[in-house]
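Taken in sequence, the protein lines are chains A and B. FYI, in my numbering the residues of the first sequence are 812 to 1212. FYI, in my numbering the residues of the second sequence are 3 to 137. What follows is one structure encoded as structure tokens, with my remarks underneath.
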Amino acid sequence: MNAQPKSNGSNGRCTCQRGAEEALCESEERFRSVVESAIDAIVLADQEGNVISWNRAAHRLFGYTAEEVAGKPLTILMPARYREAHQRGVERMRANGGSRVIGKTLELHGLKKDETEFPLELSLGTWKTKDGTFYSGIIRDITERKQLQDRLIQAEKLASLGTLVSGMAHEINNPIQGILGMAELIVDETDPATIKEYTQDIIGYSKHIATLVHDFACYARSNAHEDEVEVDLCERLAEAVKMVRRCPHFGAVEVVTQFQPIPRLRARRVEIDQIFVNLVTNAVQAMDGRGRLEVATQSQSGTLTVRISDTGLGIPKELRRQIFDPFFTTKEPGKGTGLGLSIVYQIVNKYGGTIGLESEEGQGATFTVQFHADNRREETHDGVPGPYYGRRADGACAGSR
Amino acid sequence: MGMGRVLVVDDDANVRKAVRMILTKAGYDVVEAEDGEKGIAAIKTDGNALLVDTIVCDLYMPKVNGMEAIAYFREQFPSVPVIVLTGKPDISGAASFFRQGVVDYLVKPIEAEKLTAAVHKAVQGHVLFKDQFVT
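This is the structure in structure tokens:
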């Protein structure tokens, strides 16, 4: 750890001996010991945003020695896309002492000496002396955590693929039954009109199977923006309700639809299906086989709105900020991964949309998904989701039950 | 009345049509229901379950699904044979249905000959039952 103004000696140890000064030295030694043995990188900076202290973990993490970074701006530790915002924050802090990030923990990306980026978690603090305002940053490398999270999300997608395959077997076997049955009847049939009718049935069933297989192929492909088409949200929402209806837990739920004609959305159809199937499934599960499921679409001032409401148990206020977090679930162990709404959130965000929740405990819940009719991507400058992340103006959250 | 009356419960109209055509051609009267709830309503019609000689029932359906409907049929009308016809088979599910007294477990797509053979066997059993116990 370097650049500590009160340190002396080649080994950085304090050489003070007596009284208040000695007590101060002891305190500093304790501080140094803690900082140097910390697993997390600890970086201190002055009010200009220049490094004044750098522990061993910071050396290991970023690759710079304490001597290399002493007095250098913190911006060398961050990708270029963060630098302007960082500089504005430092200036704002210097001007009026205000900061939106002090005391918070942020997930960002760091830049190593070898120019490689890595995900990190940063906890920011500040303190003041007669010499000005100083900053402390505790930085944790979350590369492994992110990789694990990505693997689990991938596993969840594979699990949902398994469910889809099983469902596909059911979906395909029905029209195949029609094809087989009609073909067998044709063999012994002599009336041309009847043969024609059966043949047309077979053509219809075959086309249905082709559509199913095409959808399945889309689902199995990568998560890129390939195969985007103009998606009819009303049609996909109705299809999602139809798919979920086949599940045993659907029970006697009443379905009410209020579809207004809305412009199509450019998206991958299978991803829109994932949003709607997840939300409808959650709504149905919340009602335990009895209640009313309302699905509605609306278009106003270039905003496409989809609402999915249930009359189930509702979501307690204290849980609403967590429901879109990965792995958060209120279901029994083994019954849910807690990734459903997280994936919904990811997809909605991918298309520049927002998702909100309104719920009264015991009186059901309404999820509202909104997209811009012209849904160009809202690229986020720092990997942190856009302005609607996790909440709306009414304090409701965006996320997973 | 022909060879007997069969209640076909399936939410897929294509399947119902194919099964109806096959069984009609084989000489059976076919009554259709598009989900478990309507299937239960159909067998209760006229208050005499003996009017139905066999039930061919899908499993995954809206409202009252096949599992619930079959449990009801077996409990309320144990003399009426039930055949499962599913596009989503699984071993443990099949075993469970046989324990409930289901007479056959058919997987879609099923050939006309096998379907009619299964229905024929089930209907014969029910007709024998009626001959012996119902005059």
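The beta-carbon is built from N, C-alpha and C at its ideal position, and this holds for glycine as well. These numbers come from a predicted model, not from an experiment.
(1) Would K19 of chain B pass as an interface residue toward chain A - the criterion being a Cβ-Cβ separation below 8 Å?
(2) Should H1060 of chain A be labelled buried (16 or more other beta-carbon atoms within 10 Å of its own) or exposed?
(3) As a quick exercise: from A:V1155, A:V1066, A:E837 and A:S1120, pick the residue whose alpha carbon is nearest that of Q1174 of chain A.
(4) DSSP on R841 of chain A, reduced to helix/strand/coil?
(5) Within 10 angstroms of the Cβ of S844 of chain A, are there 16 or more other Cβ atoms? Answer buried if so, exposed if not.
(6) Taking contact to mean at least 3 C-beta pairs separated by less than 8 Å, is the segment 62-73 of chain B in contact with the segment 1070-1078 of chain A?
(7) With distances taken Cα to Cα, identify the nearest neighbour of K19 of chain B among A:D1002, A:L996 and A:D857.
(8) In terms of residues, what are the limits of the alpha helix (DSSP H) holding H870 of chain A?
(9) Answer yes or no: do L933 of chain A and L917 of chain A have a C-beta to C-beta separation smaller than 8 Å?
(10) Closer than 8 Å, CB to CB, is H981 of chain A near chain B or not?
(11) Taking beta-carbon pairs under 7 Å, can you tell me which members of the segment 72-98 of chain B lie near chain A?
(12) Which residue from A:G936, A:P890 and A:A896 puts its Cα closest to that of L922 of chain A?
(13) List the whole-angstrom C-beta distance separating V105 of chain B from V129 of chain B, where the pair is believed to meet the contact cut-off of C-beta under 8 Å.
(14) Mind pulling the beta strand (DSSP E) runs of 3 or more residues that sit fully within the segment 1043-1083 of chain A?
(15) Put Y946 of chain A into one of helix, strand or coil per three-state DSSP.
(16) Along the chain, where does the beta strand (DSSP E) containing V84 of chain B start, and where does it finish?
(17) How would you label P64 of chain B, buried or exposed, when you count the other beta carbons within 10 angstroms and need 16 or more for buried?
(18) Closest Cβ-Cβ distance between I57 of chain B and chain A: below 8 Å?
(19) Would a check of beta-carbon distances place I112 of chain B closer than 8 Å to chain A?
(20) In whole angstroms, what is the alpha-carbon distance linking V912 of chain A and L935 of chain A?
(21) Starting from V1117 of chain A, trace the beta strand (DSSP E) in both directions and tell me its first and last residue.
(22) So, helix, strand or coil for Y1016 of chain A, using DSSP?
(23) Measuring straight from C-alpha to C-alpha, what distance separates L1130 of chain A and D31 of chain B?
(24) Report yes or no: is there a C-beta of chain B within less than 8 Å of the C-beta of I987 of chain A?
(25) Could you work out which residues of chain A lie near D14 of chain B, taking near to mean beta carbons separated by less than 7 Å?
(26) Sort A:E1041, A:T937, A:A849 and A:A896 by Cα distance to A856 of chain A and report the nearest one.
(27) Taking the alpha carbon of G1062 of chain A as the reference point, which residue from A:R1075, A:A1097, A:I964 and A:S838 has its own alpha carbon closest?
(28) Grouping DSSP H, G and I as helix and E and B as strand, with all else coil, what is Y893 of chain A?
(29) List the DSSP bridge partners of P1181 of chain A.
(30) What is the DSSP secondary structure of K116 of chain B, reduced to helix, strand or coil?
(31) State yes or no: is the C-beta of E847 of chain A within less than 8 Å of the C-beta of N866 of chain A?
(32) Determine the contact status of V1066 of chain A and G1100 of chain A, defining contact as a CB-CB distance below 8 Å.
(33) Note down, in chain order, every chain A residue with its Cβ under 9 Å from the Cβ of I24 of chain B.
(34) Any contact between the segment 984-992 of chain A and the segment 105-118 of chain B? By contact I mean 3 or more CB pairs, one from each, below 8 Å.
The structure says:
(1) As a first step, residue 19 of chain B must be located in the second sequence, where it is residue number 17. Yes, contact with chain A.
(2) The residue you call residue 1060 of chain A lines up with position 249 of the first sequence. Classification of H1060 of chain A: exposed, given that the 10 Å Cβ count is below 16.
(3) What you label residue 1174 of chain A is simply residue 363 of the first sequence in a count that begins at 1. The shortest Cα separation from Q1174 of chain A among A:V1155, A:V1066, A:E837 and A:S1120 belongs to A:S1120.
(4) Taking the first residue of the first sequence as 1, we reach residue 841 of chain A at position 30. It is helical.
(5) The sequence position of residue 844 of chain A within the first sequence is 33, counting from 1. The residue is exposed, with fewer than 16 neighbouring Cβ atoms inside 10 Å.
(6) Under the 8 Å Cβ criterion, the segment 62-73 of chain B does not count as touching the segment 1070-1078 of chain A, having fewer than three qualifying pairs.
(7) In the second sequence, residue 19 of chain B corresponds to position 17, counting from 1. Selected option, being the one with the closest Cα: A:L996.
(8) In the first sequence, the residue the question calls residue 870 of chain A occupies position 59. Looking at the DSSP string, the run of the alpha helix (DSSP H) that includes H870 of chain A is R867 to F873.
(9) Locating residue 933 of chain A in the first sequence gives position 122, counting from the first residue. Locating residue 917 of chain A in the first sequence gives position 106, counting from the first residue. In this structure, the beta-carbon distance from L933 of chain A to L917 of chain A falls below 8 Å.
(10) Within the first sequence, residue 981 of chain A is the residue found at index 170, counting from 1. Contact of H981 of chain A with chain B is assigned, a C-beta pair being separated by under 8 Å.
(11) Taking 7 Å as the cut-off between beta carbons, the residues of the segment 72-98 of chain B near chain A are G89 and K90, in sequence order.
(12) The sequence position of residue 922 of chain A within the first sequence is 111, counting from 1. Here the closest residue by C-alpha is A:P890.
(13) Working through the second sequence from its first residue, we reach residue 105 of chain B at position 103. Working through the second sequence from its first residue, we reach residue 129 of chain B at position 127. Taking a contact as a CB-CB distance under 8 Å, the pair V105 of chain B and V129 of chain B does not count as one, their CB atoms being some 14 Å apart.
(14) If we require 3 residues or more, the beta strand (DSSP E) runs fully inside the segment 1043-1083 of chain A come out as 1065-1070 and 1076-1079.
(15) Position 135 of the first sequence, counted from the start, is the residue given in the question as residue 946 of chain A. Reduced to three states, the DSSP call for Y946 of chain A is strand.
(16) On the second sequence, residue 84 of chain B is found 82 positions in, with the first residue counted as 1. Per DSSP, V84 of chain B belongs to the beta strand (DSSP E) from V84 to T88.
(17) Residue numbering aside, residue 64 of chain B sits at position 62 when the second sequence is read from its first letter. P64 of chain B should be labelled buried.
(18) Numbered from 1 along the second sequence, position 55 holds the residue referred to as residue 57 of chain B. For I57 of chain B, the nearest beta carbon of chain A is not closer than 8 Å to its own beta carbon.
(19) Here the question's residue 112 of chain B lines up with position 110 in the second sequence. For I112 of chain B, the nearest beta carbon of chain A is closer than 8 Å to its own beta carbon.
(20) Indexing the first sequence from 1 puts residue 912 of chain A at position 101. Indexing the first sequence from 1 puts residue 935 of chain A at position 124. One C-alpha to the other measures close to 7 Å.
(21) Taking the first residue of the first sequence as 1, we reach residue 1117 of chain A at position 306. Start and end: T1114 to D1121.
(22) On the first sequence, residue 1016 of chain A is found 205 positions in, with the first residue counted as 1. The answer is helix: DSSP assigns Y1016 of chain A an H, G or I state.
(23) Looking up residue 1130 of chain A in the first sequence gives position 319. Looking up residue 31 of chain B in the second sequence gives position 29. Approximately 56 Å between the Cα atoms of the pair.
(24) Residue mapping note: residue 987 of chain A aligns to position 176 of the first sequence, counting from 1. With 8 Å as the cut-off, I987 of chain A counts as an interface residue toward chain B.
(25) Translated into the one-based positions of the second sequence, residue 14 of chain B becomes position 12. Within 7 Å Cβ-Cβ: N985.
(26) Residue mapping note: residue 856 of chain A aligns to position 45 of the first sequence, counting from 1. The residue with the shortest Cα to Cα distance from A856 of chain A is A:T937.
(27) Along the first sequence, one-based indexing puts residue 1062 of chain A at 251. Out of A:R1075, A:A1097, A:I964 and A:S838, the CA that lies nearest to the CA of G1062 of chain A is found in A:A1097.
(28) Walking along the first sequence from the start, residue 893 of chain A turns up at place 82. In this structure, Y893 of chain A counts as helix in the three-state DSSP scheme.
(29) Here residue 1181 of chain A is taken as the residue at index 370 of the first sequence, counted from 1. Looking at the sequence itself, residue 1181 of chain A is Gln, so the reference to Pro does not match. Beta-bridge pairing links Q1181 of chain A to A:T1116 and A:T1165.
(30) Counted from its first residue, the second sequence places residue 116 of chain B at position 114. K116 of chain B: helix per DSSP, three-state reduction.
(31) As a first step, residue 847 of chain A is located in the first sequence; it is residue number 36 there, counting from the start. As a first step, residue 866 of chain A is located in the first sequence; it is residue number 55 there, counting from the start. Yes, the pair counts as a contact, with Cβ atoms nearer than the cut-off.
(32) As a first step, residue 1066 of chain A is located in the first sequence; it is residue number 255 there, counting from the start. As a first step, residue 1100 of chain A is located in the first sequence; it is residue number 289 there, counting from the start. It is not a contact, given that the beta carbons lie outside the stated cut-off.
(33) The residue given as residue 24 of chain B occupies position 22 in the second sequence. Taking a Cβ-Cβ cut-off of 9 Å, the neighbours of I24 of chain B in chain A comprise G992, E995 and L996, given in sequence order.
(34) With the cut-off at 8 Å, the segment 984-992 of chain A and the segment 105-118 of chain B touch.
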